[in-house]
Amino acid sequence: MIKRLLLILLSIPLLGAALLSVTGHGYILTAMSRTYMKGHPTANIDDHQFFDTRAIRAADPDPWPLHPNSIGDDLPQPLLDYMDENDAVAFLAIHKGQVFAEYYEAPYDARSRTNSFSMAKTDITMLLGKAIDEDYVSSLEQPVSTLLPEFSDDPLAAKATIGSLSTMTSGYDWDEHYYSPFSPTVALLYSHDVGKFILDRGFSHEPETHFYYSSASTQLLTLSLERALRKQDPSLSVSEYLSRKLWQPLGMNDDAVWHLDGTGMELGYCCLNTNARNFAKLGQLMLQDGVWDGEQLLPSMFVEKMRTPGKVNYYGYSTWIHYDNDPEFYAFRGHLGQYIVVVPDKDLVIVRLGRQHPIPPNGTYSGLPFYIEQIAPLLPTEPAEEAMPIAANRSN
């Protein structure tokens, strides 16, 4: 009797695994091993260690200069309290291209590599702009089906463009949800073959008529970009393209890594892992209209398109827009409160990274104005003096 009971108990996990596999939910087993059984209800900022990854190679580091009026980690107490309450791990403010404020929660520091989550969506669109400039992609109006012929027989997909994938107006059928293990968004993260998963689904709305924020749309854009690059250079991955066109020219301080699925494809809608100082350079590049050290890394007109409202007044090309705020700003935004905030009128870039999504302190959806409100009054009103070298213990 005891032996039979033990056999029954031992068979339950096997039966459960088989049932998940048969019903198309086998990815949940991967989610359990990488996330749920490690005590997390959703993906977390340190999970790159549990995924296959591809390096985005850095070259010669170009350290941020230290602002002559830098406040270092002496942040206003309300800001420190807010970050503590919401489990922030990094805060960085760049004013006039110089480090004005910088704070890390131990054990994180200026070289800690954490997950960008959906901030990577903006990075993918930056790469799209470069790919258009270099004739890998013809234009934002190029039909999706020219790069993804799997959708050729879908009448709605035939009207979708590469640009509509970036503006979240492609009409692709999707349900964006991060916590239910049965959500397609969770399946997108843990599926072995993400390309097959998104190509097996279809379109449900007339393109350009309906805004719906969709991680799948950015993954379709990533797949399109990968195919466009490899059509001309079969060895060129999305990660390598980012390395050559942005990471190395920007003088990033370290290699980044991008999550891959089981086939070696980048999870472009999320999961670019680097540190606060490198994230800040992506925001600074947008602030400087695509120019870095006198070189036009991204077309200025494309950068302007990214930060211009489209179908809705709060979203452009993979960029969140807050022009109803005073001062106006735009942002890269990611799950659990990963933010790059660009405030043009203040010549300011703010990075906030953390383990959980901040609870808005002042009634706004994201709480982003709060960070600006805390830092802007501390900025010097006079032109900054010549930048000071970064201290040795804070190099790069």
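67 is the number that our numbering gives to position 87 of the sequence shown; each next residue is one higher, with no gaps. Here a beta-carbon is modelled for each residue, glycine too, at the ideal position from N, C-alpha and C.
Proximity to residue i [Cα-Cα], best of the options
{"i": "residue 310", "options": "317, 299, 79", "result": "299"}
{"i": "residue 257", "options": "355, 77, 118, 147", "result": "77"}
{"i": "residue 357", "options": "75, 180, 284", "result": "75"}
{"i": "residue 36", "options": "149, 209, 238", "result": "238"}
{"i": "residue 159", "options": "15, 347, 355, 324", "result": "15"}
{"i": "residue 243", "options": "190, 23, 34", "result": "34"}
{"i": "residue 296", "options": "240, 161, 283", "result": "283"}
{"i": "residue 44", "options": "24, 28, 25, 72", "result": "72"}
{"i": "residue 223", "options": "6, 40, 61", "result": "40"}
{"i": "residue 187", "options": "154, 140, 86", "result": "140"}
Counted within 10 angstroms of its Cβ, other Cβ atoms place residue i as buried (16 or more) or exposed
{"i": "residue 21", "result": "exposed"}
{"i": "residue 171", "result": "buried"}
{"i": "residue 1", "result": "Summary for residue 1: the model assigns pLDDT 46, below 50, so the residue's position carries little reliability; its value from the coordinates is reported in the next sentence. Exposed, by the Cβ-count rule."}
{"i": "residue 135", "result": "exposed"}
{"i": "residue 293", "result": "exposed"}
{"i": "residue 157", "result": "exposed"}
{"i": "residue 314", "result": "buried"}
{"i": "residue 318", "result": "buried"}
{"i": "residue 178", "result": "buried"}
{"i": "residue 241", "result": "buried"}
Local conformation of residue i per DSSP, three classes
{"i": "residue 142", "result": "helix"}
{"i": "residue 55", "result": "coil"}
{"i": "residue 66", "result": "coil"}
{"i": "residue 264", "result": "helix"}
{"i": "residue 337", "result": "coil"}
{"i": "residue 122", "result": "coil"}
{"i": "residue 300", "result": "strand"}
{"i": "residue 258", "result": "helix"}
{"i": "residue 175", "result": "helix"}
{"i": "residue 246", "result": "strand"}
{"i": "residue 81", "result": "strand"}
Residue i versus residue j: straight-line alpha-carbon distance, rounded
{"i": "residue 165", "j": "residue 175", "result": "13 Å"}
{"i": "residue 360", "j": "residue 49", "result": "7 Å"}
{"i": "residue 69", "j": "residue 173", "result": "32 Å"}
{"i": "residue 303", "j": "residue 118", "result": "30 Å"}
{"i": "residue 38", "j": "residue 254", "result": "11 Å"}
{"i": "residue 103", "j": "residue 31", "result": "20 Å"}
{"i": "residue 301", "j": "residue 149", "result": "16 Å"}
{"i": "residue 202", "j": "residue 232", "result": "22 Å"}
{"i": "residue 220", "j": "residue 115", "result": "17 Å"}
{"i": "residue 130", "j": "residue 205", "result": "15 Å"}
{"i": "residue 217", "j": "residue 182", "result": "25 Å"}
{"i": "residue 208", "j": "residue 152", "result": "20 Å"}
{"i": "residue 234", "j": "residue 225", "result": "15 Å"}
Would the stretch 92 to 108 count as touching the stretch 124 to 140 if we require 3 or more Cβ pairs under 8 Å? no
Should the stretch 135 to 148 be called in touch with the stretch 197 to 207, which here means at least 3 C-beta pairs below 8 Å? Verdict: yes, contact present.
For the structure I just gave you, are there three or more beta carbon pairs, one from the stretch 315 to 324 and one from the stretch 261 to 269, closer than 8 Å? Touching, yes.
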